[in-house]
Amino acid sequence: MITHDVIMIGGGLSGLRCAIELHEKGVDVAIISKVPPIRSHSGAAQGGINASLGSNDSWESHAFDTVKGSDYLADQDTVEILCKEAPDRVLEMEHWGTNFSRKDDGTIAQRPFGGAGFPRTCYAGDRTGHNLLHTLHERILRAGIKVYREWLVTKVVIEDDRCLGFVAMNMLNSKLEVFKTKATVLATGGYGRIYAKSTNAIINKGFGISLAYRAGVPLQDMEFVQFHPTTLWGTNILITEGARGEGGYLYNKDHERFMKGYAASSMELAPRDIVARSIQQEIDEGRGFPGGYVHLDITHLGKDLIEERLAGIRQICIDFIGIDPVEEPIPVQPGQHYSMGGITSNKDGATPAKGLYAVGECACISVHGANRLGGNSLLDTVVFGRRAGVHAADYIASLEEATDAPLTKALDSERTAISQMMGKDGESYSSISQELKQTMQENVGVFREHDKLEQAVRDIKDLEERAKSLKVRTEAKEFNLELLNAIELKGMLDLAHVIALGALVREESRGAHYRTDFLERDDKNWLKHTLAYPAPEGPRLEYKDVSITIFQPQRRIY
Amino acid sequence: MIKLKIRRQDGEKVWYDLFEVEDKQGMNLLEALFFVQEKLDGSLTFRYSCRGAVCGSCGMLINRVPRLACKVQVSELRKEPTNEGNSEVMIANKKTETDNNEILIEPLPNLNVIRDLVVDMNPFYNLLESVRPWLEMKNDIPEKENIIDQEMQVKLEQYTNCILCAICHGSCPVAARDRKYYGPAALAKAWRFDLDPRENESNRKERLEIVNSESGVWGCDTVYKCVAVCPKKVAPTLGINELRNRINTNKKKEE
């Protein structure tokens, strides 16, 4: 049994930030992650991090843009925290060594992003996530915080409403081990890979979210799935919103700047849900290019500006599709990008289970509501990562010693579950996972309607049935990818079920959840959060009110 | 069809397997490896994460050149010889006249193999840590941001772009013969912090003392292999040269 006061599950931005806070408070803290921290998906974030640093900007203005962008589903008390703390967290990252892009006077540069009334997105070229992630990783090394690299957590143990720790598998030798904690922080990121077309890293299967769900913690607002408007045609690698922020245009096959028909005043800088739907509609109605894409044109920005601020996406275009965006437009299509929903947690990252925290993309602290604005997710990680650290340090200070029995029992049951998965005859993870991705893509996508959503729920139930006879043929102990994939598949099915069912039941259009059979937002019936609890027959849905403090809901026009 | 000839290893046992993969337009080598893993042999193991050349997980030796598997198109590899039988780690490949339908894939050199294409990265991370790769804040932390001019920001950027993929380490002749040598990635990182105007003087001095050794900047052969193979255009050798100059200048000042 390995013991630490607090362990972060996940080594991306939110997990690292939380660990640093705990360490500075003198807590015995460790990080466990299935990839080394520097390989986390946080490093792929390109565009930037929002903070009202400008003298004409204010946290209230940032909060209003965030709430409006969220289509009024965000909890305004948590949005207030996000926007108020933003400048401090960004300056702190600068002090710790982040190499932000600069203005002529040497201060941090800011660029315009969709849905924002002010150019408030701070950036480090188009490698903002990479820069922030390495900065925090360097702080982790400086602090000497223990990192369990390349371990997969398979079960979170909650007994009498209190989290006692978890069971994890060392990928080096496939051995299971118990980790005993006073508090555990889930910081495991999103689930993009349950969709066929996603900007997410291949490792992003949402397994951390399913760990909490399986332990009985409710998931919130999972039907709100962000589709990024501009992902590279073919591989769906992200093409940052910064490309439009710097002045890029979207054209259909007739060379029309079609955004004028959808968001006349904001054009390409409308929020992501609106731009993604506009592109998809152009494609669906035959005005896209053959193969299903439109053009993102930045050629007019000139080579110097592209090299200075968008060098990374230039390289991506050259490497992955053989196009130099200095000379030719980039073929783009919408792709799954971010999960607004996640593990229910509050302004301190605390979940309903004592001692279990959730921060970053795996959590739903409800600052993004029905649609997240670009530049707010990196901010979310550092603001709430830190707050969870503060709260957890306080929580564990007065905690009584817990019993070990539930942990050893969980270890035994995990051992049995894994040994039962080994064998020759049965389903393989790859066919189930591919069918799951396909049905999510086709039936729970940018545009949704009753029959398709019902089809998705049926498909998922069938796949869950088939997954019961899942077998792993590979017996190798070191880095058994087949075993890892098989374990994670069951979590992917859980999440898909919650998303599809939540979307089927929510009969309105709000933010990223767009129903072609219910075109309007319905505040009377649906200004509320979805909560999903695990039950033998599938997810059980409940609802709770949205916190509205400053901004009364109004129609969203851009 | 394309054939992948992959070096396999389990314990001490080493062998090569040949797999036939359906070649699709736009396919990169990582996708071809997934095809093998999902459809032909589930026991094949390799590392991956972002598939977009930003995380550095899938570094391996491809036709004897260390590269990221996600960043190389199968169609490009068809234009190269496999260099099979060549023991040298190359920094660039030649073009072949004819279409080559075989690709040679091996693990990254200079690190021990755990299984198949997965190498033990711990020594690499440990070497990195030994150069104190972090910024110590100055005592007088400004209320707002530090003022850094754009020219300095660009200089730093070349080195902050490093993704720690260890591809430079796998190409380095010094790392091949001396396991104590910090290696190009760690030394590039040392230069990144030495260069940073925000760095605390005593930390800068301490780091400079660490790299002022045969395991540090004086161990480098200055053959620029790391510069040639870096997928992010970080130039470790240039950083190492800068550190050498800095050490020499400081020495002169003291004299």
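Residue numbers (this note's numbering), protein chains in the order written: chain H, 1398 to 1955; chain Y, 70 to 324.
Where is the CB? At the ideal position from N, CA and C, for every residue including glycine.
Remember, predicted model here, so these are calculated numbers, not experimental data.
Mind checking residue i: buried by the 16 CB within 10 Å criterion, or exposed?
i          : result
Val286(Y)  : buried
Gln1617(H) : buried
Tyr85(Y)   : exposed
His1697(H) : exposed
Ser1906(H) : buried
Arg1855(H) : exposed
Gln94(Y)   : exposed
Asp168(Y)  : exposed
Gly1541(H) : exposed
Arg1711(H) : buried
Glu1665(H) : buried
Glu1934(H) : exposed
Arg1812(H) : exposed
Tyr1940(H) : exposed
Ala1802(H) : exposed
Pro211(Y)  : exposed
Considering only DSSP beta bridges, list what residue i is partnered with.
i          : result
Leu1867(H) : Glu1824(H)
Gly1739(H) : Gln1617(H)
Tyr1754(H) : Val1582(H), Ala1747(H)
Asp79(Y)   : Lys82(Y), Arg184(Y)
Ala235(Y)  : None, per the DSSP bridge assignment.
Arg1845(H) : Arg1912(H)
Ile1404(H) : Ala1427(H), Thr1581(H)
Gln1733(H) : Ser1595(H), Phe1624(H)
Ala1347(H) : The requested residue 1347(H) is not part of the displayed model; chain H covers only 1398 to 1955.
So, for residue i: in the same chain, excluding its five sequence neighbours on each side, which residues have a beta-carbon less than 6 Å away from its beta-carbon?
i          : result
Pro1433(H) : Arg1546
Pro1728(H) : Trp1630, Tyr1690
Ala1612(H) : Val1553, Ile1555
Gly1752(H) : Arg1559, Cys1560, Ala1580
Ile1676(H) : Pro1626, Val1691, Pro1731
Lys1874(H) : Asn1570, Ser1571
Restricting to Cα atoms, I'd like to know which of the options is closest to residue i.
i          : options                                        : result
Tyr1826(H) : Ala1760(H), Thr1518(H), Glu1862(H), Lys1657(H) : Glu1862(H)
Ile1793(H) : Ile1404(H), Ala1802(H), Ile1399(H)             : Ile1404(H)
Val134(Y)  : Thr306(Y), Pro178(Y), Lys302(Y), Asn208(Y)     : Pro178(Y)
Lys74(Y)   : Ile236(Y), Ala101(Y), Gly95(Y), Asn281(Y)      : Ala101(Y)
His1652(H) : Pro1726(H), Thr1800(H), Lys1579(H), Gly1444(H) : Pro1726(H)
Glu1679(H) : Val1575(H), Val1756(H), Gln1730(H)             : Gln1730(H)
Ile1954(H) : Asn1922(H), Ile1676(H), Gly1908(H)             : Gly1908(H)
Gln1949(H) : Ser1452(H), Ile1428(H), His1401(H), Asp1462(H) : Asp1462(H)
Lys1821(H) : Leu1880(H), Lys1925(H), Glu1839(H), Met1837(H) : Leu1880(H)
Lys302(Y)  : Gln227(Y), Val243(Y), Arg313(Y), Lys320(Y)     : Gln227(Y)
Ile1428(H) : Ala1442(H), Ala1441(H), Gly1409(H)             : Gly1409(H)
Val1487(H) : Lys213(Y), Ala235(Y), Asp218(Y)                : Lys213(Y)
Tyr117(Y)  : Lys82(Y), Leu99(Y), Ser240(Y)                  : Leu99(Y)
Leu1530(H) : Arg1517(H), Val1544(H), Gly1494(H)             : Gly1494(H)
Arg1912(H) : Ala1893(H), Val1843(H), Met1889(H), Tyr1930(H) : Val1843(H)
Ile1713(H) : Asp1745(H), Thr1778(H), His1765(H), Thr1628(H) : Thr1628(H)
Gly1605(H) : Lys1806(H), Leu1450(H), Leu1886(H)             : Leu1886(H)
Can you give me the Cβ contacts of residue i inside the same chain, cut-off strictly under 7 Å, excluding the 5 residues immediately before and after it?
i          : result
Thr165(Y)  : Lys148, Glu149, Pro150
Asn170(Y)  : Met70, Ile71, Lys72, Arg147
Asp247(Y)  : Gly288
Arg184(Y)  : Gln78, Asp79, Thr114
Asn217(Y)  : Sequence inspection shows Ile at residue 217(Y); the Asn mentioned does not correspond to that position. For Ile217(Y), where only same-chain residues beyond five positions count, the Cβ hits under 7 Å are Pro266.
Lys1657(H) : Met1664
Ala1767(H) : Ser1467, Asp1468, Leu1470, Phe1621, Met1737, Arg1907, Gly1908, Ala1909, His1910
If I measure Cβ to Cβ from residue i and keep anything under 8 Å in the same chain, skipping five residues before and after, which residues do I get?
i          : result
Arg1706(H) : Ser1498, Arg1508, Tyr1520, Gly1522, Asp1523, Gly1639, Glu1643
Ile309(Y)  : Pro253, Leu256, Ala257, Trp260, Val286, Cys289, Thr291
Ser284(Y)  : Asp247, Lys249, Tyr250, Tyr251
Leu1702(H) : Glu1643
Glu205(Y)  : Glu268, Asn269, Ser271, Asn272
Cβ-heavy atom distance between residue i and the ligand GTP below 7 Å?
i          : result
Gly1820(H) : As for the ligand GTP, it is missing from this structure, which has no ligand bound.
Whose Cβ in chain A lies nearer than 8 Å to the Cβ of residue i?
i          : result
Gly1514(H) : The displayed structure is made up of protein chains H and Y, and chain A is not among them.
* **Ranges of the beta strand (DSSP E) found wholly within the region 101-174 of chain Y, counting only runs of at least 3** => 128-131, 134-137
* Asked: At which residue ranges does the region 1565-1616 of chain H contain complete alpha helix (DSSP H) runs of 4 or more residues, listed in the order of the chain?
  -> 1604-1611
* **Residue ranges of each beta strand (DSSP E) within the region 1624-1704 of chain H, 3 or longer** => 1646-1648, 1691-1694
* 3-residue-minimum beta strand (DSSP E) runs that sit fully inside the region 1895-1948 of chain H, ordered along the chain -> 1925-1930, 1937-1942
* To do: Could I get the ranges of all uninterrupted alpha helix (DSSP H) runs contained in the region 1783-1829 of chain H, with 4 residues as the minimum, in chain order?
  => 1802-1818
* Which ranges does the alpha helix (DSSP H) cover as unbroken runs of at least 4 residues, wholly within the region 1429-1505 of chain H, from first to last along the chain? -> 1456-1466, 1473-1492
* Ignoring anything shorter than 3 residues or poking outside the region 211-270 of chain Y, list the beta strand (DSSP E) runs there in chain order. => none
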